[in-house]
Amino acid sequence: MAASATQFSSEDLLERILSSLDEDKAEDVTQIDLRGKTSIGDYMVVASGRSTRQVAAMSEKLTEKLKHEFGVACKVEGKDAGDWVLIDTGDVIVHIFRPEVRDFYQIEKMWLPAGAVAS
Numbered sequence: 068m069a070a071s072a073t074q075f076s077s078e079d080l081l082e083r084i085l086s087s088l089d090e091d092k093a094e095d096v097t098q099i100d101l102r103g104k105t106s107i108g109d110y111m112v113v114a115s116g117r118s119t120r121q122v123a124a125m126s127e128k129l130t131e132k133l134k135h136e137f138g139v140a141c142k143v144e145g146k147d148a149g150d151w152v153l154i155d156t157g158d159v160i161v162h163i164f165r166p167e168v169r170d171f172y173q174i175e176k177m178w179l180p181a182g183a184v185a186s
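Residue 116 in the numbering used here sits at position 49 of the sequence shown, with consecutive numbering throughout.
Here it is as structure tokens:
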């Protein structure tokens with residue numbers, strides 16, 4: 068049963084996103100708190116998949132779970148290519164990369180404080 072918009076927070080979405088990525092064996096998952104830094108969302112999650120097929124499958128499963136469980140219709144870009152998929156839930160931005168594409172763009176570095184290391 069889908070939750071109504073008033074019944075869940077960005078933290079609830081974040082928790083479900085992280086558990087879905089864990090269930091699907093995402094690697095090197097990084098969570099970045101964006102609150103107070105930007106208006107694009109409250110959190111950003113960056114994760115890697117081992118192949119284009121895994122990246123596409125993880126993104127598809129995640130968007131289906133969020134739609135079913137929260138009633139959230141996500142905006143998705145890049146799923147067909149499977150190198151880098153962007154999922155925008157409104158409150159949480161999710162990037163799922165193939166490792167070499169993630170290494171190239173290093174988007175986490177834009178959002179982390181100077182001197183911080185991505186977890």
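Note that the Cβ used here is the ideal one computed from N, Cα and C, for glycine as well.
- Counting of Cβ neighbours within 10 angstroms places residue 134 among the exposed residues, the total staying below 16.
- Note that the segment 149–157 touches the segment 126–141; at least 3 beta-carbon pairs, one per stretch, sit closer than 8 Å.
- A straight line joining the alpha-carbon of residue 149 with that of residue 163 spans about 9 Å.
- The criterion of a C-beta distance shorter than 9 Å is satisfied by residue 113 and residue 175.
- The Cβ atoms of residue 98 and residue 80 do not sit closer than 9 Å to each other.
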